[in-house]
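Written out below as structure tokens is the structure these notes cover.
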Amino acid sequence: MYDDDTEPGGASKFLKRGYWAFSSTGNFMDANESTDNYILGNSSKLTMANPELYMTARLSPLSLTYYAFCLGTGPYKINLLFAEIQFTDDNTYSSLGRRVFDIYIQGELVEKDFNIAHEAGGVGKKVTKHYHAVVNNNTLEIRFYWAGKGTTGIPEGGVYGPLISAISVFPDSTNGSGVSVRVVVGIVAVGAFVLFLVLGILWWKGCLGQKSRMGQGYAARKHHFA
1 MYDDDTEPGG
11 ASKFLKRGYW
21 AFSSTGNFMD
31 ANESTDNYIL
41 GNSSKLTMAN
51 PELYMTARLS
61 PLSLTYYAFC
71 LGTGPYKINL
81 LFAEIQFTDD
91 NTYSSLGRRV
101 FDIYIQGELV
111 EKDFNIAHEA
121 GGVGKKVTKH
131 YHAVVNNNTL
141 EIRFYWAGKG
151 TTGIPEGGVY
161 GPLISAISVF
171 PDSTNGSGVS
181 VRVVVGIVAV
191 GAFVLFLVLG
201 ILWWKGCLGQ
211 KSRMGQGYAA
221 RKHHFA
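Under UniProt numbering, the first residue of the sequence shown is numbered 1, with each subsequent residue one higher.
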């Protein structure tokens with residue numbers, strides 16, 4: 001099951017669709033563009049595997065938070081996929097930019113002063129960060145936060161803040177009855193950005209009121225994004 005997210009964003013934006021939502025705060029006050037479009041297209045050549053995952057991404061001037069609702073209680077595996085696509089690796093002014101932000105999962109700081117290009121070994125290259133988290137209240141929260149570090153005016157004004165290309169989440173174990181149920185939920189904005197939120201959900205009792213096996217037809221897709 002996939003869901004589209006073509007929302008360009010904007011200052012202090014909250015959008016909820018089905019079992020997921022995102023919240024973006026802040027405003028690029030010094031940006032050269034007058035429109036609030038927080039969806040970024042790549043400016044460098046991408047040669048990694050599955051480049052369609054990294055050709056576009058979502059930006060935020062200050063804080064970007066994704067929520068996954070109705071998850072069963074238990075441990076989850078989280079993969080965050082990044083590629084710096086706004087700067088370049090040539091001898092131009094655009095190559096001098098530096099993006100730095102923090103990453104929180106379930107309110108816990110997991111990455112301080114994260115620099116995509118540094119972690120990936122250059123711009124236009126992918127890097128995946130792997131984490132584990134426990135869900136106790138049926139909700140998973142992943143937050144990216146800009147703490148004022150890095151450059152802010154390269155290659156132009158308003159170039160800073162967190163950037164995310166893709167997210168995948170899977171259950172870290174089977175449920176108490178030994179049954180592992182997987183549901184794949186993706187967020188895809190064709191022609192804008194691709195953000196796959198792949199949720200392996202054991203039980204939906206938090207929202208449906210009963211245990212239900214579902215999504216087994218999507219289990220094979222897990223390996224495409226893990």
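Don't be surprised by glycine CBs; every beta carbon is placed ideally from N, CA and C.
**Prompt:** Where does residue 24 sit, in a helix, a strand or coil, going by DSSP?
**Reply:** For this step, residue 24 is matched to residue 24 along the sequence shown. Here DSSP, grouped into helix, strand and coil, assigns residue 24 to strand.
**Beta-carbon contacts of residue 64 that lie in its chain and below 6 Å, excluding the five residues immediately before and after** = What you label residue 64 is simply residue 64 of the sequence shown in a count that begins at 1. Taking C-beta separations shorter than 6 Å and ignoring five residues to either side along the sequence, the partners of residue 64 in its chain run 24, 144, 162, following chain order.
**Within the region 8-87, ranges of the alpha helix (DSSP H) (whole runs, at least 4 residues)** = Secondary structure in the region 8-87: no alpha helix (DSSP H) run of 4 residues or longer lies completely within the stretch.
**Item:** residue 165 - DSSP class collapsed to helix/strand/coil
**Value:** The sequence position of residue 165 within the sequence shown is 165, counting from 1. Of the three classes helix, strand and coil, the one that applies to residue 165 here is coil, per DSSP.
**Prompt:** What first and last residue would you give for the alpha helix (DSSP H) that runs through residue 133?
**Reply:** What you label residue 133 is simply residue 133 of the sequence shown in a count that begins at 1. Counting along the chain, no alpha helix (DSSP H) covers residue 133; the unbroken beta strand (DSSP E) around it starts and ends at 126-135.
**Asked** Got a sec? Which residues, its chain only, sit under 6 Å from residue 41 by beta carbon, not counting five neighbours each side?
**Response** Start at 1 with the first residue of the sequence shown, and residue 41 comes out as number 41. So the qualifying residues of the chain are 56.
**Prompt:** Under the DSSP definition of a beta bridge, which residues are partnered with residue 102?
**Reply:** Along the sequence shown, read from residue 1 onward, the residue named residue 102 stands at position 102. Under DSSP, the beta-bridge partners assigned to residue 102 are 145.
**Residues of its chain near residue 230, where Cβ-Cβ distance is below 6 Å and the 5 sequence neighbours each way are ignored** = For residue 230 there is no data in the structure shown, the boundaries of the chain being 1 and 226.
**Asked** Do residue 146 and residue 89 come within 9 Å of each other at the CB atom, strictly closer than that value?
**Response** As a first step, residue 89 must be located in the sequence shown, where it is residue number 89. As a first step, residue 146 must be located in the sequence shown, where it is residue number 146. In this structure, residue 89 sits away from residue 146, with a CB-CB distance that is not shorter than 9 Å.
**Prompt:** Where do the ends of the alpha helix (DSSP H) carrying residue 156 lie?
**Reply:** For the purposes of this step, residue 156 is taken as residue 156 along the sequence shown, with counting starting at 1. Secondary structure note for residue 156: it is in no alpha helix (DSSP H), with a DSSP letter that is neither H nor E.
**Request:** Assign residue 212 to one of two classes, buried (16 or more other C-beta atoms within 10 Å of its C-beta) or exposed (fewer than that).
**Result:** Your numbering for residue 212 matches position 212 in the sequence shown. Note that residue 212 scores a pLDDT of 37, beneath 50, so its modelled location is shaky; the value from the coordinates is reported in the next line. Burial check for residue 212: the Cβ neighbour count within 10 Å stays below 16, so the residue is exposed.
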